[in-house]
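The numbering used here puts the first residue of the sequence shown at 1, with every later residue one more than the last.
Quick reminder that beta carbons are idealized off the backbone N, C-alpha and C, glycines included.
The block underneath contains the structure these notes are about, expressed in structure tokens.
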Amino acid sequence: MILLTSDLRDKLLANGRQRDVDHAPVVKFFNPFGTGTWLATELDGDGDILFGLADLGYPELGSFSLEDLSSLRLPFGLGIERDIHFSSEIPISLWAEAARETGSIRAAERIIHGVEQWQWLGR
């Protein structure tokens, strides 16, 4: 699977050029076999270093390498995947807070998508 489409790459690069902005995640990557979820908000100009929320057992904000994610080999010849249905308007700081409170990005996702659905319904 291609981890970043050109549209996603462009959005991440544009976010990376903006300073002091609490961006919403643009893309979600995950390990289909277990622990490992990443939400990326920005991409450095080098095209490799992403910024966002990473959860390898404990969620934390920081930088991670697209090349490293792409090179991971999992059982059955699979690799890290991109959630093609992921979208969010919630800033990464709130994702981080929810993930720390619930213990993981995946647990936080259930809460955040519930909030987004509630907002979409105009409540």
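Under the DSSP assignment, D68 falls outside any beta strand (DSSP E), being part of the alpha helix (DSSP H) whose first and last residues are L66 to S71. Secondary structure of D10 (DSSP, three-state): helix. Annotation: I49 to S65 spans about 5 Å, alpha carbon to alpha carbon. Judged by DSSP secondary structure, T37 falls within the beta strand (DSSP E) whose first and last residues are T37 to L43. P59 is bridged by DSSP to D55.
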